[in-house]
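Residue numbers (our numbering): 2 to 66.
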C-alpha cells in the first residue's frame, strides 16, 4: 500500500489539494502497478508562521511581498 505524504504551507484551496491527490494517485497506479484503492495520499498542512526558511517564517516573508 503506497503512501504519499505531501507537506506544504497552509493557503492552498481544497480544489488544488483534491486535484493533486487525484494526480498523485493516478501516477502511483501507473508506475507502481497497484489499484487506486491501495494508494493513500496524506496532506500535512503547516501554518505559515511555523515554516521557516533562512531563519524567517513564511508569514514574515509574506509581509515583504
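The beta carbon of each residue, even a glycine, is placed where N, CA and C say it ideally should be.
To the nearest whole angstrom, what separates the beta carbons of residue i and residue j, a pair I think is in contact under 8 Å?
i, j, result
"residue 33", "residue 9", "Not really, about 23 Å apart at Cβ, beyond 8 Å."
Work out the CA separation of residue j and residue i for me, nearest whole Å.
i, j, result
"residue 37", "residue 48", "30 Å"
"residue 11", "residue 35", "30 Å"
"residue 50", "residue 19", "24 Å"
"residue 66", "residue 2", "41 Å"
Are the CB atoms of residue j and residue i within a distance shorter than 8 Å?
i, j, result
"residue 42", "residue 22", "yes"
"residue 26", "residue 40", "yes"
"residue 5", "residue 29", "yes"
What is the residue span of the beta strand (DSSP E) that residue i lies within?
i, result
"residue 43", "41-47"
"residue 4", "4-10"
Per DSSP, which residues does residue i bridge with? Please list them.
i, result
"residue 54", "57"
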